[in-house]
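There are 2 protein chains.
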Amino acid sequence: MTMTPRSSHSPNSRAGGRPGRRTGISEATVARLPVYLRVLTSLAESGVSTVSSEVLANAAGVGPAKLRKDLSHLGSYGTRGVGYDVEFLVYQISRALGLTQHYSVVIVGVGNLGQALAGYAGFGTRGFRVVGLLDADRARVGSLIAGIEVRHSDELETIISEHDVSIGVIATPAGAAQDVCDRLVGAGVTSVLNFAPVVLSVPDDVDVRKVDLSIELQILAFHEQRKSLVEQEAVG
Amino acid sequence: MTMTPRSSHSPNSRAGGRPGRRTGISEATVARLPVYLRVLTSLAESGVSTVSSEVLANAAGVGPAKLRKDLSHLGSYGTRGVGYDVEFLVYQISRALGLTQHYSVVIVGVGNLGQALAGYAGFGTRGFRVVGLLDADRARVGSLIAGIEVRHSDELETIISEHDVSIGVIATPAGAAQDVCDRLVGAGVTSVLNFAPVVLSVPDDVDVRKVDLSIELQILAFHEQRKSLVEQEAVG
DNA sequence: ATTTGTGAAGGGTTTCACAGCG
DNA sequence: CGCTGTGAAACCCTTCACAAAT
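Top line first, the protein sequences correspond to chains C and R. For the first sequence, the positions run 29 to 264 when the numbering used here is used. For the second sequence, the positions run 29 to 264 when the numbering used here is used.
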């Protein structure tokens with residue numbers, strides 16, 4: 029039995045390679061661009077055609093200097109004394125994020141969470157298409173969720189190669205996650221979004237991002253505790 | 029009509045105040061402690077009583093130096109030449125994160141996602157208790173989810189003050205999220221976990237963390253694009 | 001001999017403040 | 001005059017490498 033070379037690095041960043049080597053856009057900036065994009069899209073729908081860095085920054089929950097520096101990494105797309113053209117920025121950010129291409133996605137695990145993800149509107153829009161819903165439980169196979177037929181996990185490799193899937197979403201129980209991940213990667217998936225509460229090991233050229241409810245809760249707990257300590261001190 | 033003072037800052041960090049001012053534990057470290065805790069808990073269950081920084085770091089997907097520095101912020105809990113006592117570390121990390129206290133949680137929005145969250149095991153364990161499931165849709169009110177009765181959103185304030193809720197989870201559609209957030213904060217909630225794809229505005233003393241599927245997908249798309257550019261270059 | 005704890009060095013990110021341009 | 005784009009400073013975080021401890 030051969031061990032595939034593996035590594036798992038900092039949470040939610042590119043598995044191998046140092047940040048922003050080729051594109052010049054840093055990881056921190058990339059993580060904010062989707063937020064700007066969302067705000068800009070909603071501004072465009074409201075008929076706004078121009079925004080200043082200050083207004084856009086406020087709506088995105090960041091400081092104006094940070095916003096301007098972020099946008100400056102894409103090019104000089106603003107007009108001094110005026111601001112940014114909303115539609116043009118939408119296009120430029122979409123392009124920078126790679127959203128002008130299309131990505132096929134499989135979701136593995138069709139429990140409550142998997143169903144919620146399958147029905148999520150964010151998929152249909154902007155270049156992502158769910159081409160497979162997989163589950164290990166044969167009782168669920170064949171049912172329709174968000175218009176997509178659930179298929180058995182055995183078909184994972186087939187579906188991935190048939191649809192040239194590049195992104196896999198893991199919504200299985202923790203125990204199954206690493207196995208599923210290995211199979212996804214083995215079949216050619218190069219990006220994984222993991223909702224299972226485990227640290228996944230993947231080869232260096234695969235990206236993993238994780239979404240972990242209990243980690244988020246624990247971080248909030250930390251700050252809650254901090255608040256009550258401060259309170260206590262203020263009283264005492 | 030009065031405007032409540034608001035601010036929304038960097039994604040997923042304390043709303044106001046600079047990091048780690050009082051506790052000496054930095055935000056980056058706090059975000060990793062839950063991962064260490066999970067690994068340690070599972071080691072303890074496997075009967076392991078001692079770990080070195082190298083083994084623990086590997087399991088947590090970080091470098092050993094980073095792990096040691098993180099743990100050193102809690103105190104000197106290791107033994108040179110030996111490693112860390114697993115059970116003792118579990119306790120110390122739990123304490124540092126505030127998990128020795130108990131937190132009451134309400135979940136607002138009982139769609140697919142809200143149901144998935146309500147059923148999530150991570151809640152029951154480690155100090156979090158769901159004391160309310162709320163939905164605006166009267167058709168859902170009264171049904172039982174994960175053993176908890178769904179109640180109408182009108183009761184939000186009542187439930188929060190009755191149970192001294194400090195954490196609110198928003199799993200509503202985007203359009204309702206800010207309103208719900210305002211009501212949560214108005215009723216005394218000081219930490220919010222937001223699953224709706226909007227930037228929430230809150231007063232400085234409230235923490236907001238967000239979980240956003242479409243942002244994660246877009247970040248993965250960026251890296252996918254980068255990979256295909258590199259590939260193309262390697263060929264050409 | 002082994003492994004922790006940590007100063008110091010090295011990167012990356014944010015913020016400042018202003019020059020540059022419309 | 002207003003707002004962008006950006007060097008420079010400040011800050012935070014990670015990594016290195018080794019002294020200290022058992």
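We put the beta carbon where it would ideally sit given N, CA and C, even for glycine.
Residue i - DSSP class collapsed to helix/strand/coil
i: Leu221/C; result: strand
i: Val90/R; result: coil
i: Asp235/C; result: strand
i: His130/C; result: coil
i: Arg49/C; result: Residue confidence for Arg49/C is low, a pLDDT of 36 falling below 50, so the modelled location carries little weight and cannot support an answer.
i: Gly111/R; result: strand
i: Thr78/R; result: strand
i: His180/C; result: strand
i: Leu248/C; result: helix
i: Asp165/R; result: coil
i: Leu141/C; result: helix
i: Leu125/R; result: helix
i: Val136/C; result: strand
i: Arg157/R; result: strand
i: Thr103/R; result: It is worth fixing the name first, because residue 103/R is Gly in this sequence and not Thr. Three-state DSSP puts Gly103/R in coil, outside helix and strand.
i: Gly203/R; result: helix
i: Val227/R; result: coil
i: Gly267/R; result: Chain R is shown from 29 up to 264; residue 267/R falls before or after that span and cannot be answered.
i: Val193/R; result: coil
Residues of its chain near residue i, where Cβ-Cβ distance is below 8 Å and the 5 sequence neighbours each way are ignored
i: Tyr105/C; result: Leu99, Tyr112, Asp113, Phe116, Leu117 and Gln120
i: Arg42/R; result: Low confidence applies here, because Arg42/R scores a pLDDT of 49, under 50, leaving its location unreliable; read the following figure in that light. Closer than 8 Å at the Cβ level, and outside the excluded window around Arg42/R, lie Glu55 and Asp235.
i: Tyr64/R; result: Leu84, Ala88, Leu95, Asp98, Leu99, Leu117 and Ile121
i: Val67/R; result: Leu84, Ala87 and Ala88
i: Arg69/C; result: Per the sequence presented here, residue 69/C reads as Thr, with Arg not at that position. Closer than 8 Å at the Cβ level, and outside the excluded window around Thr69/C, lie Val118.
i: Ile187/R; result: Val134, Val159, Gly160, Leu162, Arg179 and Val193
i: Leu212/C; result: Val134, Val136, Leu184, Ile188, Gly196, Ile198 and Val220
Residues near residue i in its chain [Cβ-Cβ closer than 7 Å; skip 5 each side]
i: Thr128/R; result: Ser122
i: Arg166/C; result: His180
i: Ala174/C; result: Ala146 and Gly147
i: Arg154/R; result: Leu127
i: Val76/C; result: Val114
i: Leu71/C; result: Val79 and Val114
i: Glu190/R; result: none
i: Ile176/R; result: Ala146, Val158 and Leu161
Residue i and residue j closer than 8 Å at C-beta
i: Leu245/C; j: Phe156/R; result: yes
i: Val208/R; j: Ile195/R; result: no
i: Val220/C; j: Val133/C; result: no
i: Asp210/C; j: Pro225/C; result: no
i: Ala249/C; j: Gly126/R; result: yes
i: His130/C; j: Ile53/C; result: no
i: Ala149/R; j: Ala144/C; result: no
i: Leu228/R; j: Ala262/R; result: no
Cutoff 6 Å; reference residue i; Cβ partners in own chain excluding five residues on either side
i: Asp163/R; result: Val138 and Val178
i: Ser81/C; result: Pro92, Leu95 and Arg96
i: Phe151/C; result: Val158
i: Thr218/C; result: Ser194 and Val234
i: Thr107/R; result: none
i: Met31/C; result: Residue placement at Met31/C cannot be trusted, given a pLDDT of 35 that sits under 50; the coordinates are not used to answer.
Of the residues the options, the one placed nearest residue i, counting alpha carbons only
i: Gly216/R; options: Glu252/C, Ile135/C and Leu184/C; result: Glu252/C
i: Gly214/C; options: Ala202/C, Ala59/C, Val230/C and Ala174/C; result: Val230/C
i: Pro62/R; options: Leu125/C, Gln206/C and Ile247/C; result: Ile247/C
i: Arg254/C; options: Ser171/R, Thr153/R, Ala124/R and Leu102/R; result: Ala124/R
i: Glu185/C; options: Asp232/C, Ile176/C, Asp233/C and Ile135/C; result: Ile135/C
i: Val258/R; options: Ser256/C, Ala262/C, Asp233/C and Val258/C; result: Asp233/C
i: His58/R; options: Gln260/C, Ile243/C, Ala262/C and Glu73/C; result: A small correction: the amino acid at residue 58/R is Val; His does not occupy that position in the sequence shown. For the residues Gln260/C, Ile243/C, Ala262/C and Glu73/C, the minimum Cα distance to Val58/R belongs to Ile243/C.
i: Asp182/R; options: Val169/R, His191/R and Ile176/R; result: Val169/R
i: Val90/C; options: Asn222/C, Arg60/C and Glu190/C; result: Arg60/C
Next item on the list: For the region 216-250 of chain R, enumerate the residues whose C-beta is nearer than 7 Å to any C-beta of chain C, in chain order.
Entry: Thr218, Ser219, Leu221, Pro225, Val227, Asp235, Arg237, Val239, Leu241, Ser242, Ile243, Glu244, Leu245, Gln246, Ile247, Leu248, Ala249 and Phe250
Notebook entry, point to check: Just by C-beta distance, which residues in the region 56-68 of chain R are closer than 8 Å to chain C?
Noted result: Val58, Ala59, Arg60, Leu61, Pro62, Val63, Leu65, Arg66 and Val67
Notebook entry, point to check: If contact means a Cβ-Cβ distance below 7 Å, which residues of the region 107-137 of chain R contact chain C?
Noted result: Leu125, Gly126, Leu127, Gln129 and Tyr131
Item checked: Contact set between the region 147-158 of chain R and chain C, restricted to residues whose Cβ is under 7 Å from the partner -> Gly147, Tyr148, Gly150, Gly155 and Phe156
Margin query: Against chain C, which members of the region 195-219 of chain R pass a CB distance test of less than 8 Å?
Written below: Ile195, Thr218 and Ser219
Checklist line | Near-chain C residues of the region 88-102 of chain R (beta-carbon distance less than 9 Å), N- to C-terminal order | finding: Ala88, Gly89, Val90, Gly91 and Lys94
Next item on the list: Closer than 9 Å, Cβ to Cβ, to anything on chain R: give me those residues from the region 74-88 of chain C, in chain order.
Entry: Asn86, Ala87 and Ala88
Check: When you check each C-beta in the region 162-187 of chain R against every C-beta of chain C, which residues fall closer than 9 Å?
Finding: none
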